[in-house]
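What the sequence shown shows, in the working numbering, is residues 277 to 516, in sequence order.
Note that CB positions come from ideal geometry on N, CA and C, so glycine has one too.
The structure under discussion appears below in the form of structure tokens.
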Amino acid sequence: MKGSLLYEGKAKKVYYVENEPEQLVLSYKNDATAFNGKKKDQFEGKGRLNNLITSKVFEYLKQQGLSSHFIKSLNDTEQLVSKTTIIPLEVVVRNVAAGSITRRLGIKEKEIFSPPLVEFYYKEDELDDPIINDQHALYLTDVKEEEIQFIKETALKINEHLKDLFKQSGLKLVDFKLEFGRLADGTIVLADEISPDTCRLWDENTGEKMDKDVFRENLGDLISVYENILQRLEENTCAK
Ligand code: TMP
Numbered sequence: 277m278k279g280s281l282l283y284e285g286k287a288k289k290v291y292y293v294e295n296e297p298e299q300l301v302l303s304y305k306n307d308a309t310a311f312n313g314k315k316k317d318q319f320e321g322k323g324r325l326n327n328l329i330t331s332k333v334f335e336y337l338k339q340q341g342l343s344s345h346f347i348k349s350l351n352d353t354e355q356l357v358s359k360t361t362i363i364p365l366e367v368v369v370r371n372v373a374a375g376s377i378t379r380r381l382g383i384k385e386k387e388i389f390s391p392p393l394v395e396f397y398y399k400e401d402e403l404d405d406p407i408i409n410d411q412h413a414l415y416l417t418d419v420k421e422e423e424i425q426f427i428k429e430t431a432l433k434i435n436e437h438l439k440d441l442f443k444q445s446g447l448k449l450v451d452f453k454l455e456f457g458r459l460a461d462g463t464i465v466l467a468d469e470i471s472p473d474t475c476r477l478w479d480e481n482t483g484e485k486m487d488k489d490v491f492r493e494n495l496g497d498l499i500s501v502y503e504n505i506l507q508r509l510e511e512n513t514c515a516k
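Structural data, given as structure tokens:
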């Protein structure tokens, strides 16, 4: 049923689906990149872990009434999704200061943001994904003013659900990145992935970093950390 390759990104390949023009197959790769592709490596098993973790997260969001492009997981590394045109915005929600905001604004790591912050970055590799404001987003993309509000409100709603989900697994959701896409009828839905590649997760007890920062900052074995996240999510969702 998988058709020809539509697009290859840094972490996933996207395929058409034969006879289903409104669906795509996402195939998760073992590649890891950071700092806009300047740091690269491959980790056997990473594609499987991100596919399974993302699938669990999107299934949970669906149970909470939040739809996304996700249809179902097909096998260890692939999932079926509704075809969308990705809006070139990275929507970042921050609960706790970490990463680029500490460097850009001189805020100490671990400072708490209450209410959480929502930021937009323009998804354009050649420009290194610069941070932009609402007016820039209106100019650079096809989103309308009310759609910007919808995206921000949805991102904050997703934050509340994800904070709960990860808390049940003993993890603090520090920040994360979302992408939205348009279905054929123009409706905007949550798309892309939600995995330890796109979230910062800290162990609630030890404060240990359990996400792609392990790779970015050379803190240890990425695969055992991602395996641990999947295990915690499985224990938590099976117990219910
Ligand atoms: P940042 O602190 O580097 O701006 O990252 C904020 C969050 O967004 C963090 O959880 C990692 C995630 N992120 C991505 O998923 N993709 C990216 O390209 C970047 C820069 C960040």
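Nearest-angstrom Cβ-Cβ length linking residue i and residue j, presumed shorter than 8 Å
i: L454; j: K332; result: Wrong, their Cβ atoms sit about 16 Å apart, outside the cutoff.
i: K485; j: W478; result: 6 Å
i: N458; j: I347; result: In the sequence as displayed, the identity of residue 458 is Arg instead of Asn. With 8 Å as the limit, R458 and I347 do not qualify as a contact, their Cβ atoms being about 17 Å apart.
i: H345; j: L466; result: 7 Å
i: Q301; j: E354; result: Correcting the residue identity first, residue 301 is Val in this sequence and not Gln. Confirmed, Cβ separation roughly 5 Å.
i: D440; j: R476; result: So it is not a contact: roughly 17 Å between Cβ atoms.
i: D401; j: N312; result: 6 Å
i: L342; j: K433; result: 7 Å
Rounded C-alpha distance that separates residue i from residue j
i: K420; j: V394; result: 17 Å
i: K322; j: E429; result: 31 Å
i: E511; j: N504; result: 11 Å
i: D404; j: G285; result: 15 Å
i: D307; j: K314; result: 13 Å
i: L350; j: L356; result: 6 Å
i: H437; j: Q340; result: 8 Å
i: A460; j: T361; result: 8 Å
i: K443; j: R492; result: 24 Å
i: I383; j: S390; result: 14 Å
i: Y502; j: D473; result: 9 Å
i: T513; j: S445; result: 9 Å
i: S358; j: Y292; result: 11 Å
i: G529; j: N481; result: Nothing in the structure corresponds to residue 529, since the chain is present only between 277 and 516.
i: T309; j: K316; result: 4 Å
i: G375; j: L381; result: 11 Å
i: D468; j: L337; result: 14 Å
i: D418; j: P406; result: 18 Å
Residue i, enclosing beta strand (DSSP E) - first and last residue
i: L521; result: Summary: the structure shown does not reach residue 521, with the chain confined to residues 277 through 516, and so no result is reported for it.
i: S303; result: Q299 to Y304
i: G464; result: The residue asked about is misnamed: residue 464 is Ile in this sequence, not Gly. I464 to A467 is the span of the beta strand (DSSP E), which, as asked, contains I464.
i: S343; result: Run containing S343: none; DSSP gives neither H nor E here.
i: T309; result: D307 to A310
i: I388; result: I388 to Y398
i: E284; result: K278 to E284
i: L459; result: Where L459 is concerned, there is no enclosing beta strand (DSSP E), given that its DSSP letter is neither H nor E.
i: K275; result: Residue 275 cannot be examined here, being either before or after the span of the chain that is shown, 277 to 516.
i: E294; result: Where E294 is concerned, there is no enclosing beta strand (DSSP E), given that its DSSP letter is neither H nor E.
Cβ pair residue i, residue j closer than 7 Å
i: F319; j: L498; result: yes
i: K289; j: S280; result: no
i: T330; j: I427; result: no
i: A431; j: V372; result: no
i: M277; j: E298; result: no
i: V369; j: N435; result: yes
i: V490; j: G496; result: yes
i: R233; j: D352; result: The chain is shown only over 277 to 516; residue 233 falls outside these bounds and no answer can be derived.
i: Y397; j: L416; result: no
i: L365; j: A413; result: yes
i: D410; j: I424; result: yes
Where the alpha helix (DSSP H) through residue i begins and ends
i: Q339; result: K322 to Q339
i: I249; result: Since the first and last residues shown for the chain are 277 and 516, residue 249 lies out of range.
i: T353; result: First-last for T353: undefined, no H or E at that position.
i: D489; result: D489 to R492
i: S376; result: S376 to L381
i: E414; result: The question names Glu, yet the displayed sequence has Leu at residue 414. Looking at the DSSP string, the run of the alpha helix (DSSP H) that includes L414 is D410 to L416.
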